[in-house]
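A.B. asks: Residues 137 to 193 in this note's numbering are what the sequence shown spells out, letter by letter.
Think of the CB as a built atom: it goes at the ideal place given N, C-alpha and C, for glycine as much as any other residue.
Let me give you the structure first, and then I'll get to my questions.
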Amino acid sequence: VVRLLPSLHAPTVSHLYDRDWLALETVVDSHLVRDLIPRLTAAGAQGVLEYELKKMV
137 VVRLLPSLHA
147 PTVSHLYDRD
157 WLALETVVDS
167 HLVRDLIPRL
177 TAAGAQGVLE
187 YELKKMV
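And the structure:
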């Protein structure tokens, strides 16, 4: 799943309370999201959230 994620430098990877699970966070150009989410879920991603970025400094 991580290999599919575009990012500015590298995605943020965080361990969750249940150490068998990880949370991934990255910034993706809006025109890529429509095709990316189905590819992520096909690769096993679960609980995918999409939200609008208001500002990046």
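Could you tell me whether the Cβ of threonine 148 comes closer than 8 Å to any Cβ of chain B?
C.D. replies: Among the chains of the structure shown, chain B does not appear; only one protein chain is present.
A.B. asks: Can you tell which of Ala146, Ala159, His145 has the C-alpha that lies nearest to the C-alpha of glycine 180?
C.D. replies: Taking the first residue of the sequence shown as position 1, residue 180 is located at position 44. Measuring from the Cα of glycine 180, the nearest candidate turns out to be Ala159.
A.B. asks: Give me the residue from Val164, Trp157, Val193, Val184 with the minimum Cα distance to proline 147.
C.D. replies: The count along the sequence shown starts at 1 and reaches residue 147 at position 11. Closest by alpha carbon: Val164.
A.B. asks: When the Cα atoms are used, what is the spatial distance from methionine 192 to leucine 144?
C.D. replies: Position 56 of the sequence shown, counting from 1, holds the residue named residue 192. Position 8 of the sequence shown, counting from 1, holds the residue named residue 144. The alpha-carbon atoms of methionine 192 and leucine 144 are separated by roughly 11 Å.
A.B. asks: Over what stretch of residues does the beta strand (DSSP E) that includes leucine 158 continue unbroken?
C.D. replies: Taking the first residue of the sequence shown as position 1, residue 158 is located at position 22. 158-161 is the span of the beta strand (DSSP E), which, as asked, contains leucine 158.
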